[in-house]
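Our numbering applies: residue 1384 is where the sequence shown begins, and numbers increase by one.
Glycine included, C-beta positions come from ideal geometry on N, C-alpha and C.
Predicted model only: the values in this text are computed from it and were never measured.
Worksheet: the structure to be examined is printed underneath.
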Amino acid sequence: MTLSAWVKPEHDANRVLDFGDDTTRYLCLAVRNVGGVVLGGRDSGIADPALPDGTTLLDAVGAGAPFRSKGALVARVGKVVDAWIAGGRLGRADGYTVWRTAHRASYVP
């Protein structure tokens, strides 16, 4: 199966496809038009840093998906933020802001 679409994001996030069976399984394809760390619709105000290989902080967080609960998401964000701070890719204050954003974000498993 091949699916093609031209999407012109005019807002911070646009859902292109939604799949799911009630609340137990869910998949959403979205296009983002932001350069920052946005979690659950909340913008942290922090630019999304990238490693030399192009992996962004949001990519690293998303590698742990799916998250069964908001607590699991917040824990993953904390783990990634700590690693990026230790690696000198993110400042401590910015890391705290990203973690706090995850903690305050809306979450639908």
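query: Straight-line gap, Leu1473 to Gly1454 (C-alpha atoms, nearest Å); result: 22 Å
query: Close Cβ partners of Trp1467 (< 8 Å) along its chain, the five nearest in sequence each way excluded; result: Pro1432, Leu1440, Ala1443, Leu1473 and Gly1478
query: Pairwise C-alpha distance: Leu1434 and Trp1482; result: 19 Å
query: Residue burial classification, Ser1427 (beta-carbon count within 10 angstroms, cutoff 16); result: buried
query: Proximity of Val1460 and Ala1476 at Cβ, strictly below 7 Å; result: no
query: Limits of the beta strand (DSSP E) - the one that Val1421 falls within; result: Gly1419 to Leu1422
query: One or two residues paired with Thr1439 in a DSSP bridge; result: Ala1433
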